[in-house]
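A.B. asks: Residue numbers (full-length UniProt numbering): 1 to 118.
All C-beta atoms in this analysis are idealised placements derived from N, C-alpha and C, irrespective of residue type, glycine included.
#1: Helix, strand or coil for residue 97? Go by DSSP, reduced to three states.
#2: To the nearest angstrom, how far is the alpha carbon of residue 107 from that of residue 35?
#3: What first and last residue would you give for the alpha helix (DSSP H) that runs through residue 86?
#4: Can you give me the C-alpha to C-alpha distance between residue 49 and residue 86, rounded to a whole angstrom?
#5: So which of 101, 21, 67, 40 has the shortest CA-CA distance to residue 90?
#6: Give me the DSSP bridge partner(s) of residue 41.
#7: Please check the pair residue 42 and residue 61, which I expect to be a contact at CB under 8 Å, by giving their CB distance rounded to whole angstroms.
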């Protein structure tokens, strides 16, 4: 991305991405939605995020872990991703959908991005 007039190269959408990516739960959400390409229910998303971030199969997840991840997604991670335009999340609907920007964010998550926490 070229530098914007009066700004720097990470202004705009990339600036929003830098603010929300680099956290394992949010990165997992972006990867899952980019792969899925359509809306995913909050409960299913929580299961998949919990499995991915813990490196276990869906069958090996304790229900309490999934519940903790679901609460964390609902109250913390999804509102931040929604505000940045990376996903579409209306808390009352209990569904999360990709946006036009999900793929771009996924490209950053899958790269050696400078905001990685790993």
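C.D. replies: Once the coordinates are examined:
#1: strand
#2: Roughly 11 Å separates the two Cα atoms.
#3: Note, residue 86: premise wrong, no alpha helix (DSSP H); not H, not E.
#4: 16 Å
#5: 40
#6: As a beta-bridge residue in DSSP terms, residue 41 pairs with 95.
#7: Not really, about 15 Å apart at Cβ, beyond 8 Å.
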